[in-house]
Amino acid sequence: MFLELNQEVTNKEIAEIFQCSNQGGIRKSNKTKTVVIIAKFLDCSYVHKKAGDILYFVGIGKKGDQQLIRQNKSLYNAEKEGYSIHCFELYEENKYIYKGEMSLVKEVFTEEQVDDNGKMRQVLIFPLKYKDI
């Protein structure tokens, strides 16, 4: 599994390389011991933010308050369980840019954002640092 930083791949290639689902913003693979995150920056209800080498990644769950369960819990526990976290950023449809391996660098926190129903809710924010930047 070798990808160059900023290499562009398709969603299908991500699923093949990491042996993970081809859907969702957090994709855990027990086969490759990886958690793949997809930070969409186009037409997305999740408002991810970047500040220097930190990505403030919004957890999953499009309606209501997000909880630290399922994929969100997988991302939170990834490194403790020996999984590596790999990030792709999406600025154009089906053009996934590999940003490298990441590490959770601060405690997860919550902030208010609008859900898919237009209602305010609490989302989980994962502060992740790019390892190769």
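Under our numbering, the residue at position 67 of the sequence shown is numbered 63, and the numbers go up by one with no gaps.
Note that beta-carbon positions come from the ideal geometry of N, C-alpha and C, so glycine has one too.
Small disclaimer: the values here were computed from a predicted structure and weren't measured.
In the three-state reduction of the DSSP assignment, Ala74 falls in the coil class, being assigned neither a helical nor a strand state.
Residue pairing by DSSP places Ile50 opposite Ala47, Lys125 in a beta bridge. In the DSSP assignment, Lys95 falls within the unbroken beta strand (DSSP E) covering 91 to 100.
Of the residues assessed, Leu38 falls on the exposed side of the cut-off, its CB having fewer than 16 other CB atoms within 10 angstroms.
As the crow flies, the alpha-carbon of Val32 is around 9 angstroms from that of Glu97.
Excluding its 5 nearest sequence neighbours in each direction, Tyr42 has C-beta neighbours in its own chain below 6 angstroms: Val54, listed in chain order.
The Cβ neighbour count for Ile121, taken over all protein chains shown within 10 Å, is at least 16; the residue is labelled buried.
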